[in-house]
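S.K.: Supplied in structure tokens, the structure appears directly below.
There are 4 protein chains.
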Amino acid sequence: MDIIVLKPGTTEEQLRHIIKKLESKGLQANVSKGTERTIIGVIGDTSKITEEEESVISIMPGVEDVMRILKPYKLASREFRPDGTTINIKGNVIGGKKIHVIAGPCAVENRTILMNIAKKVKEAGATFVRGGAFKPRTSPYSFQGLGEEGLKYLAEAREKTGLPVVTELMDPRDMEVIQKYADIIQIGARNMQNFRLLLEVGNSSKPVLLKRGLSATIKEWLMAAEYIMSRGNHHVILCERGIRTFETATRNTLDLSAVPVLKKLTHLPVFVDPSHGVGKWDLVAPMAKAAVAAGADGLIIEVHTNPEEALSDGEQSLKPNDFKKLMKDLKPIASAIGRSI
Amino acid sequence: MDIIVLKPGTTEEQLRHIIKKLESKGLQANVSKGTERTIIGVIGDTSKITEEEESVISIMPGVEDVMRILKPYKLASREFRPDGTTINIKGNVIGGKKIHVIAGPCAVENRTILMNIAKKVKEAGATFVRGGAFKPRTSPYSFQGLGEEGLKYLAEAREKTGLPVVTELMDPRDMEVIQKYADIIQIGARNMQNFRLLLEVGNSSKPVLLKRGLSATIKEWLMAAEYIMSRGNHHVILCERGIRTFETATRNTLDLSAVPVLKKLTHLPVFVDPSHGVGKWDLVAPMAKAAVAAGADGLIIEVHTNPEEALSDGEQSLKPNDFKKLMKDLKPIASAIGRSI
Amino acid sequence: MDIIVLKPGTTEEQLRHIIKKLESKGLQANVSKGTERTIIGVIGDTSKITEEEESVISIMPGVEDVMRILKPYKLASREFRPDGTTINIKGNVIGGKKIHVIAGPCAVENRTILMNIAKKVKEAGATFVRGGAFKPRTSPYSFQGLGEEGLKYLAEAREKTGLPVVTELMDPRDMEVIQKYADIIQIGARNMQNFRLLLEVGNSSKPVLLKRGLSATIKEWLMAAEYIMSRGNHHVILCERGIRTFETATRNTLDLSAVPVLKKLTHLPVFVDPSHGVGKWDLVAPMAKAAVAAGADGLIIEVHTNPEEALSDGEQSLKPNDFKKLMKDLKPIASAIGRSI
Amino acid sequence: MDIIVLKPGTTEEQLRHIIKKLESKGLQANVSKGTERTIIGVIGDTSKITEEEESVISIMPGVEDVMRILKPYKLASREFRPDGTTINIKGNVIGGKKIHVIAGPCAVENRTILMNIAKKVKEAGATFVRGGAFKPRTSPYSFQGLGEEGLKYLAEAREKTGLPVVTELMDPRDMEVIQKYADIIQIGARNMQNFRLLLEVGNSSKPVLLKRGLSATIKEWLMAAEYIMSRGNHHVILCERGIRTFETATRNTLDLSAVPVLKKLTHLPVFVDPSHGVGKWDLVAPMAKAAVAAGADGLIIEVHTNPEEALSDGEQSLKPNDFKKLMKDLKPIASAIGRSI
């Protein structure tokens, strides 16, 4: 249902013109004349009104405003699946009582480093390993990732540690190769509204970790999830990773309130990436703890054995020992809110 | 120490002109010619260079950029007092191991309601009671507070419960009456850069709860604390309460990463106000938990016995029972990070 | 008129409870049951519903959302005075066909400099002279202004040039002295929601130049104007001076679209301050031209005879010759849109 | 050249460790000990230091901060081509004295409407026609464009009017078909950091219209241009189209100060899209005028013969008559700043 607010002084003819327009779409108009304004309640299946039609109604003569009451996403809404979605990946159930931690380097740099990191994060309690083979970099002169070679190392790390693999898809043309190696396909923040890429993973059977865009509202983020789900893939994990604000003391502003907000609006699991959220390794631990306390279903944390030599994001990576300590410190917090990690 | 970067092609004469300017301020210039740029390291007590002088150096012919290396605040910096400030208010030590909770209604509405709320929050474990007698309202047609009458009720609530009182100062002309009743003087977000008000509380001996401005950077916030401290009052408590961003799902975006950032930069205690941060009562509990996990020294939470009838901020107020449950739920989280509440 | 949207599954009893609440405020409920939602159109004088009451209705059981249809400001709205406000200050009519330019230094530094600048801006075509005697500075260690001495110099500059004086009020306790010297009282960006200050100038008979707050929405800005007007002073000039965004290439982001937006919403004159908007002197001229093209009623521009020695804002000040050239360049643009300067 | 600022108390050994690291990259260290801090000026070709290396230096023991002095983009910088780039497209020279206007519907909806619009905008003085065949839509349920059919209509419109065609590329897999029909390839705001797409158009010989991302800094935007140019395509046109801020009165906040800022930083032509910048048709004309006054090299404006029936962005489209009037009104403004339109 939509509500149309008329300007003061709207004529009867203008009103009739609007009503006719609505009726031409199979809708009914419930006119309500107040002392200061007349409003029209639009009755019928307004989900048939596209955003475009809504937009054009707003410029019809006599219309002051159009207010949409129903949310523009359906499959992603909590109402669609009140109990919450759980996703089982090789025995790891995401969205349940257990909080999952995805850990690993920003980029896969070489075989030895990756195997070493994977072993360490497994020992510390991570349940997934991550690493980028295709890297979105702000500079064309920066390291762009190893490509399929990196994916092969990830597969080997999975074989050795038993940890399923999370890696990013940047280009629809890489879909085939990514599907071959990944257990969860990550869509990065800069691609949250790369709609073709969303449709591509929507056609896949692999779970998708959908990062929030730097300046995406929660509503737009859920619409991006809806894109994926509209193609049949309902295994979407949302991942808060910081939004862009005026504050420069941190790389981004981690919006932890997005966690409880999403828990109300959607049935999808919600992760938090404190590493990108703050951009500095010594701020990662307190924000990881805060994320768990706020109700996140999982974390994604950058870990590197030698951050000083990392080819990407060394500044925000934890060393294995710091990661181990963090995992230990998270346990009583998880337990305090009735969960495990 | 400051660094002056010169444009490519700067002449020797321009360079001499800049050096002379620095020397006229009692500073020395350490010139360093690189392959691509020449830079000047400014040696001497650059704290004597005001922001204005820095700004004007930046427009001298040949200057590309001036980079300030030292922080503009001194008294508020962690280096000034590495161990952290503790503030003892009638036996309640803020900034120590114990996490303090300030609770109460947004505005003092009448005697009965306030006494009732004060009693309830005391029972639940709050250690301070709050309530506004002078209210900053966005509309001139809204309830503006009871004035001194409200302060008297707060004093009575303190007498009955033993809880010290936190209340807001909006106008330097109210300083005398506020000092008579308050144990902590609150400076609201909209007044964070009301510099006259800052100087006024700087001259007071009462601790000050300094809320972050809606669009204040952490650096500006610390400069506001410096204003107060420059007058001799070093008992400043910083309070994160959400910043303004593009997201509209919450009233503001609660920037919890400010907590660990401030812990590095300053020795002052850091509180969090989740009620204003999110603006909706059902999001307050998860964000209060997250704030504690992130390392906050205290919380400030709006509680009302009958939010549906509140004259201000009913939407974001907890009922006494919800507050009681929250206080109980915070205990194991505080304990998980080695603190008590 | 307000609209209340009910949650799906709201009971008849909850509905009756809401209707009763409305009726207790002297309002009527027009219930409209759609296929997906039930909405209540609130009929009667909803201006009697304060924001607080609206807020508490939103937490009543069964309520999903409350949408306000009428604007919260009245006196400031275009509907209140469709023809636009003009303000006559010693023969200079603001809000008419002629575009006015207020020029001068950021701060009054000494008598000689001010007289010199005033003379130069008068020659170039400025119609008002500005200068701060009380300065809001982010650092307590910066120059804070000359106080009444500065005001006296401004009065002398007015006497010598005939230009009326614009100067800033920071503290209600300075009201008396400011009124004695100023022709227009400026409320700075950081005080846009210093509500006590707004009420103070609302009681004055002097025109007020109300700068937009760094993170103020246009609606909040108009509410600040409403504060002033609610006390009887309807001579308010709005001044856009840049908002805070993520972009750091400019000091602020000058929101020129605020000009045509305000022209629709309010009858008050709209000025633009490109100097603070961009913060760099060489960007001032293009943005001044753009402001005129966008429909601004006036400009406020910082001019200094020797920016390299200015005690405040030297970086963004024009030299008299650059200002003179700008004034000349603005003429054909003003003329292109049917105005003069 | 980079500058490394050391923490107070950094040991000689730490200093040696940092110097060794720099020397291992073929760089020299110029150490400068001040009274408060020691800084290292890094001498040599620091363009060989990638952002990663810079980032990891910042976490070496003893390092407080690393400041980059040189801009991260080279090909896009004004220094690379001081005279400014001009692009000749079928005789239309972009970046010269003449201001160009690209006009047309948001999406190509059908043949008749497009031909009609193209004819009208040609008559009014537009020099390019635009229209989307592949549309990025926030909802998967919205109209997604006609695909190649739409491109064919655009080609037909070009044939009939002589106007070269501007259309958007969303997916690298569409590159071949887009190249066949487009004269300028548009990269939309949501794809400004779709790095694979940037490389793709970088390999093309077609000029590229690169829209600014919703939350992209000017520096990031120039880095996106650098991506394209690094592949050999130097014909990049930058297009400001509004950034995301807290203000909701307009769809975005049009950052017109980006125009003069870019004119200093880069040699590339700068366009402005007021239609997306404000999102409301009646605000387009004043902002188009302001853009020209601010120094834009061109405009891109949405025009539709029947906005009420448009399938996309009807709300912000001008009708042909309004567009015609705007083109007429722009002439004297262009002339006032020494240009033509």
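As they're listed, the protein sequences go chains C, U, S and V.
End of the first sequence sits at 815 in our numbering; the numbers just go up one at a time, nothing left out.
End of the second sequence sits at 815 in our numbering; the numbers just go up one at a time, nothing left out.
End of the third sequence sits at 815 in our numbering; the numbers just go up one at a time, nothing left out.
End of the fourth sequence sits at 815 in our numbering; the numbers just go up one at a time, nothing left out.
In this text, a Cβ means the ideal position worked out from N, Cα and C, and glycines have one as well.
This structure is a prediction, so every number in the text was calculated from the model and none was measured.
1) Using the beta-carbon of each residue, which ones in chain S are nearer than 7 angstroms to V/D729?
2) Which residue or residues does DSSP assign as beta-bridge partners of V/F602?
3) Rounded to the nearest angstrom, what separates C/S786 and C/A581 at their Cα positions?
4) Verify whether the separation of the beta carbon atoms of V/G753 and V/N726 is less than 9 angstroms.
5) Just checking my contact of V/V777 with V/P579 at CB under 8 angstroms: how many whole Å lie between their CB atoms?
6) Cα separation between C/F797 and S/L671?
7) Report yes or no: is there a C-beta of chain V within less than 9 angstroms of the C-beta of U/R555?
8) Can you give me the start and stop residues for the beta strand (DSSP E) that U/T512 sits inside?
9) Ordered along the chain, which non-local residues of its own chain (more than five positions away) have a Cβ less than 6 angstroms from that of V/T512?
10) Cβ of C/M814 less than 9 angstroms from any chain S Cβ?
11) Enumerate in chain order the residues of its own chain whose CB-to-CB distance from C/H709 is below 6 angstroms, with the five nearest sequence positions on each side excluded.
12) Residue range of the alpha helix (DSSP H) that C/A767 falls in?
13) Counting only beta-carbon separations shorter than 9 angstroms, does S/V735 have a partner in chain C?
14) Can the beta-carbon of U/A850 be found closer than 9 angstroms to that of U/L628?
15) For U/A631, which option in U/G605, U/R490, U/S532, U/I652 has the closest C-alpha, if you only look at C-alpha atoms?
16) So, do the segment 797-815 of chain V and the segment 711-728 of chain V have three or more beta carbon pairs nearer to each other than 8 angstroms?
17) Mind checking if C/E510 is an interface residue toward chain S, Cβ cutoff 9 angstroms exclusive?
18) List, in order along the chain, the chain U residues whose C-beta lies closer than 8 angstroms to that of S/F797?
19) Under three-state DSSP, which class holds S/Q502?
20) Looking at U/R664 and S/N668, is the spacing between their C-beta atoms short of 9 angstroms?
21) Given that C/G751 touches chain U, what residues does it touch there, using C-beta distances under 9 angstroms?
22) So, at 8 angstroms on beta carbons, what are the nonlocal neighbours of S/P610 in its own chain, with the 5 sequence-adjacent residues on each side left out?
23) What runs of the beta strand (DSSP E), each 3 residues or longer, lie entirely inside the segment 767-798 of chain V?
24) Just to confirm the assignment, what range does the alpha helix (DSSP H) spanning U/Q653 have?
25) Report the neighbours of V/I692 on chain S: residues whose CB is nearer than 7 angstroms to its CB, in chain order.
26) For the alpha helix (DSSP H) that contains S/K626, what are its first and last residues?
27) Indicate whether C/R647 and C/L688 have their beta-carbon atoms separated by less than 9 angstroms.
28) Out of S/I492, S/E583, S/I533, which has the shortest C-alpha to C-alpha gap to S/G515?
29) With DSSP collapsed to three states, give me the class of V/N562.
30) Strictly below 7 angstroms CB to CB, what residues from chain S border C/M534?
31) Please report how far the alpha carbon of V/N566 lies from the alpha carbon of V/E553, in whole angstroms.
32) Against V/M761, what residues of chain S qualify as contacts under a CB-to-CB distance less than 8 angstroms, listed in chain order?
33) At a CB distance below 7 angstroms, what residues from the segment 657-669 of chain C approach chain V? Give them in sequence order.
34) Once the 5 residues before and after S/I568 are set aside, which same chain residues still bring their CB inside 7 angstroms of it?
35) Return the residue from the list S/L544, S/R555, S/D729, S/E538 that minimises the CA-CA distance to S/D476.
36) First and last residue of the alpha helix (DSSP H) that includes C/E674?
M.R.: So, to answer that:
1) Annotation: Cβ neighbours of V/D729 in chain S (cutoff 7 angstroms, chain order): E721, T727.
2) As a beta-bridge residue in DSSP terms, V/F602 pairs with V/I576.
3) Their backbone Cα atoms lie some 6 angstroms apart in a straight line.
4) In contact: V/G753 and V/N726 (Cβ atoms closer than 9 angstroms).
5) Cβ-Cβ separation between V/V777 and V/P579: approximately 7 angstroms, consistent with a contact (criterion under 8 angstroms).
6) The C-alpha of S/L671 is placed about 52 angstroms away from the C-alpha of C/F797.
7) So no, U/R555 is outside the interface.
8) Looking at the DSSP string, the run of the beta strand (DSSP E) that includes U/T512 is 512-517.
9) Setting aside the 5 residues that flank it on each side, V/T512 is surrounded in the same chain by L480, each with a C-beta closer than 6 angstroms to its C-beta; the list follows chain order.
10) In the sequence as presented, Met is not what sits at residue 814 of chain C; that position holds Ser. False, the Cβ-Cβ gap to chain S never drops below 9 angstroms.
11) Closer than 6 angstroms at the Cβ level, and outside the excluded window around C/H709, lie I561, P681.
12) Taken as a continuous stretch (DSSP letters only), the alpha helix (DSSP H) holding C/A767 covers 755-768.
13) Interface flag for S/V735 against chain C is unset, since no Cβ pair is found closer than 9 angstroms.
14) Only positions 475 to 815 of chain U appear in the structure, and residue 850 of chain U is not among them; the question remains open.
15) Of the listed residues, the one whose Cα sits closest to U/A631 is U/G605.
16) Too few Cβ pairs lie closer than 8 angstroms, so no.
17) With 9 angstroms as the cut-off, C/E510 counts as an interface residue toward chain S.
18) Going along chain U, no residue has its Cβ under 8 angstroms from S/F797, so there is no contact; the nearest lies around 15 angstroms.
19) Under the three-state reduction of DSSP output, S/Q502 falls in the strand class.
20) Yes, these two residues count as a Cβ contact at 9 angstroms.
21) Correct list: S731.
22) Answer for S/P610: E642, M644, G662, R664, N665, listed in chain order.
23) Listed in chain order, they are 772-776.
24) Element bounds for U/Q653: 649-655.
25) Those within 7 angstroms of V/I692 in chain S are E721, A723.
26) Per DSSP, S/K626 is one residue of the alpha helix (DSSP H) stretching across 622-635.
27) Contact: no.
28) Looking at the Cα atoms, S/I492 is the closest of the given residues.
29) Strand.
30) Within 7 angstroms of the CB of C/M534, no CB atom of chain S is found; the nearest one sits about 17 angstroms away.
31) In this structure, the straight-line span from the alpha carbon of V/N566 to that of V/E553 is close to 25 angstroms.
32) Going along chain S in sequence order, the residues near V/M761 (Cβ under 8 angstroms) are L730, S731, P734, A768.
33) So the list reads R664, N665, Q667, N668, F669, given in the order they occur along the chain.
34) Same-chain partners within the cutoff: T560, I561, H574, I711, P743, D771, G772.
35) Checked all of S/L544, S/R555, S/D729, S/E538; the closest Cα to S/D476 is S/L544.
36) Looking at the DSSP string, the run of the alpha helix (DSSP H) that includes C/E674 is 669-676.
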